[in-house]
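Chains as they are written, first to last, in the numbering used here: chain A, 1 to 175; chain B, 1001 to 1329. Heads up, the beta-carbon is just placed ideally off N, CA and C, and yes, glycines get one too.
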Amino acid sequence: MKIRRYFFFGIIVFVTLVVLSLLSWLPSAVQREGIRRYRSIEDVKAVLKIKKIFLPAYFPQYLIWPPSEIYAARKPHTIVLMHFTNFKKTDTVLSIRQTELSYKSPLKSRIEPVTIKKREEVVIKGRKGLLAVALCHGGEPCNSVSWQEDGYNVEIVAKDSVEELLKIAESTASD
Amino acid sequence: MGFFSSYIGMYMAQSVGHSVLTLFVVEVSLRVWEVSEAKDKFRYRLLVLILPFVMFPLFQFLNPDRGSFYFAQDTAVFSSRNWLDLSVLGFRPFLYLFLLATGTVSAVVLLQEVLPIIRDWLRKPQKQEAAGRPAGPLIEGIVGEISAVLKIDIPSVFIIDDEHPVIFTMGTKEHSIVMSERLLSIFSERELRCALAHEAAHIVRRSNITTLLVFFVRICMFYNPISLLEFRKLVQDDEHICDDITVSVTKDPASLASALRVFCLDVPGHEAFRLSVVKEAIESSSHNLLLNERIERLENHVSFGYHPFEWVRYCTTVAAIVVMSYFVV
């Protein structure tokens, strides 16, 4: 009798969790606006009709293509954020984020520089850019570079050397 | 929506969400575990007030990433942001509904509870004890007997000159019972014994300090509608517990019920529709409703006995609430 009560209580807890999950999912099912997760870059282009998505042509060998995660939104502001993992798929090592110039996105990259050691101006294919030599959580080196292009602010964060990061950035910017 | 990304904003949204969840789990637990005693119900209901107050800071301390977008996406079972951000034709109905509910409750708390307390505190004579006369040997004898049974220090009893039937306990360390001359004149000896035993029960339970602490939590969550409702249920549960203790001492539920009837208020008539009259009518009806519920409970109560508290069941409920709430952001 006592065990049955615990079992019954457990079932109610389980059902509550299922109902909560459904309730959490419901708004995304009825609304297309806002930041959502997409399976592929093709999906983002097809659904959100974003003309320009910044992708690097140069990939260090330890990176896996395609992106492990893509978050994007068209309304109220355009944002595309991609994460790439290392070959073992154990860690996010690169992120590329493009946001409308007027929009200060609350969506942060999974790898976010925490301690900035040095900031300096760089040139990315003739455009003025800003390089930050920094450390992530846990003291890992993670550097970032950002520049403006075609009405977007593009930011790349990589757990890699400055040289590799700049190579990736150069291959991402348009000619 | 920047506010709901801040620590305070997340605290507000999540504590309301956690209150709803805790209330649901507690009410389910009361039924599944068949909790019937007032003192056990009080312990369970206390969770609805306390847990949502402390869980968010605790969770954030354990996992600072819990407030992030990725936690909501990858790990959380329910994200309140999904609903607050829901936009219909450029309008965010659930955000405005949430703001309306929390704003209304905040206004009610301020007008109905905080302001009257400040007003009463400013008007209250600073040395209330001096206003009363010591009770006679009859009352002191009854209080002495009750105190011996309940194993408490004998509280002093003061009689104040008040036309209303009033009895209450003062103090948090050294207690005294204050009752009005009017009450003394209308109570029979048995009713008087029950009323004094009830006040002594409040002293045993340290109701003054408990209520003060619970009230503090409730004021801190002034925006939370669940806290507003649950605080009142807790106060009523506390009265039930003290009624049970009284009956266990006096073995006389009928006299306690009869003593309680004295405190029922006259509800103003409806001849003149004035806001002040309506307000008084609502307050009096609500007061009487709670008293009548206690009277009915005393008249129909089958058992005033005690059994050991089921801690394993209680801990199961607490664990379920804490674990589920962790995944509600």
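For V123/A, which residues in the same chain have their Cβ closer than 8 Å to its Cβ, ignoring the five residues on either side in sequence?
G129
Which residues mark the beginning and the end of the alpha helix (DSSP H) in which F1071/B is found?
F1069 to D1074 is the span of the alpha helix (DSSP H), which, as asked, contains F1071/B.
Kindly examine the ligand SAH and report whether one of its heavy atoms sits closer than 7 Å to the Cβ of M1055/B.
In the structure on display, the ligand SAH does not appear, and there are no ligands present to speak of.
The beta strand (DSSP E) spanning V80/A covers which residue range?
I79 to T85
Using DSSP bridges, identify the partner residues of I96/A.
M82/A and I156/A
Just to confirm my understanding: we take I116/A, look at its own chain, exclude 5 residues before and 5 after, and list those with CB closer than 7 Å. What are they?
A132 and A134
Residue closest to I1142/B, alpha-carbon to alpha-carbon, out of I1177/B, A1320/B, R1297/B and K1233/B:
Checked all of I1177/B, A1320/B, R1297/B and K1233/B; the closest Cα to I1142/B is I1177/B.
Alpha helix (DSSP H) containing Q1236/B: first to last residue?
P1225 to T1250
In its own chain, which residues sit with a C-beta less than 7 Å from the C-beta of V1204/B, not counting the 5 before and 5 after it?
L1150, I1152 and I1245
For a cutoff of 8 Å on Cβ pairs, would you count V157/A as touching chain B?
no
Taking CB distances under 8 Å as the criterion, tell me whether Q98/A reaches chain B.
no
Chain B contact residues for P67/A, given Cβ-Cβ distances below 7 Å:
Simply none; closest approach about 15 Å.
Would you mind stating whether V80/A and I53/A have Cβ atoms separated by less than 8 Å?
yes
Helix, strand or coil at A1130/B according to DSSP, with G and I counted as helix:
Low local confidence applies: a pLDDT of 49 at A1130/B is under 50, so the model's placement there is unreliable, with the coordinate-based value given in what follows. In the structure shown, A1130/B sits in a helix (DSSP, three-state: H, G or I).
Enumerate, from N- to C-terminal direction, the unbroken beta strand (DSSP E) stretches of 3 or more residues contained entirely within the region 47-81 of chain A.
69-73
Once the 5 residues before and after I1295/B are set aside, which same chain residues still bring their CB inside 8 Å of it?
Listed in chain order, the non-local C-beta contacts of I1295/B below 8 Å within the same chain comprise A1257, L1260 and R1261, local neighbours out to five positions each way being set aside.
Determine, using beta carbons only, whether F1222/B and S21/A come nearer to each other than 8 Å.
no
Run of the beta strand (DSSP E) containing W147/A, from where it starts to where it stops:
N143 to E149
Secondary structure of V1105/B, DSSP reduced to three states:
helix
Give me, in chain order, the residues of the same chain whose beta-carbon lies closer than 6 Å to that of A1130/B; leave out the 5 immediate sequence neighbours on both sides.
Because the pLDDT of A1130/B is 49, which lies under 50, any placement of that residue in the model is unreliable, and the question is left without a value.
Note down, in chain order, every chain A residue with its Cβ under 8 Å from the Cβ of Y990/B.
Since the first residue of chain B shown is 1001 and the last is 1329, residue 990/B is not available in this structure.
Spatial neighbours of E1191/B in its chain, beta-carbon cut-off 7 Å, leaving aside the 5 residues before and after
S1255, S1258 and A1259
Ranges of the alpha helix (DSSP H) found wholly within the region 1128-1180 of chain B, counting only runs of at least 4:
Here the runs fully enclosed are 1137-1150.
Option nearest E163/A by Cα separation, candidates V145/A, A173/A and N153/A:
V145/A
Can you name the residues that DSSP bridges to F1187/B?
F1187/B pairs with nothing; no bridge assigned.
Find out if the Cβ-Cβ distance for the pair H83/A, E100/A is shorter than 8 Å.
Annotated as distal: H83/A and E100/A, with beta-carbon spacing of 8 Å or more.
Less than 8 Å separating the beta-carbons of V1032/B and F9/A?
yes
Would you say T1316/B lies against chain A (beta-carbon separation less than 8 Å)?
yes
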